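So for the sequence shown, our numbering puts the first residue at 11; every next one is plus one.
These notes are about the structure you will find just below.
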Amino acid sequence: MSDFLDWREHTGSQPDKFFKTTLWQSGQLTLGLNCLEPGQIQKVHAHGGADKIYYVLEGEGDFTIGDEQRIAKQGMLIVAPAGIPHGVTNNGPERLSLLVTIAPPIK
């Protein structure tokens, strides 16, 4: 893996579920890219021992963090602390691309 990345070179799509790929990983964190086409969902789930941070690169999504649900657009940062249920739906007309950091990495 390179230390210099252009996230746009790693985008993708799948018809049956959202696309995700690992951009970089160490023993301390995982940095990934999630791409959700219109109508795709990352179901609400939780990571008991890991914090997750989403950064919206393009598009907009309907995010659930615990009991709160909000729309986040390009440039916004969404934090899901360890153990808190979280998920996202792309209800918009365009692809939703997210930079996703998980620390520590999920094994």
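Beta carbons: idealized from backbone N, C-alpha and C, even for Gly.
Because the structure is a prediction, the values reported are computed rather than measured.
Buried/exposed call for residue i, threshold 16 Cβ in 10 Å
{"i": "I75", "result": "buried"}
{"i": "L106", "result": "buried"}
{"i": "Q52", "result": "buried"}
Proximity below 8 Å, CB of residue i to CB of residue j
{"i": "L41", "j": "T111", "result": "yes"}
{"i": "N100", "j": "G49", "result": "yes"}
{"i": "K30", "j": "L43", "result": "yes"}
{"i": "L108", "j": "V66", "result": "yes"}
{"i": "I116", "j": "L87", "result": "no"}
{"i": "P119", "j": "A60", "result": "Here the chain comprises residues numbered 11 to 117, so residue 119 is not present and cannot be evaluated."}
Beta-bridge partners of residue i, as assigned by DSSP
{"i": "G97", "result": "T74"}
{"i": "E68", "result": "S107"}
{"i": "T31", "result": "L43"}
{"i": "K83", "result": "E70"}
Presumed contact (8 Å Cβ cut-off) between residue i and residue j, rounded CB distance
{"i": "G97", "j": "G69", "result": "Incorrect: roughly 16 Å between the Cβ atoms, too far for contact."}
How about the region 69-85 and the region 23-30: do they share at least three Cβ pairs that are nearer than 8 Å?
-> no
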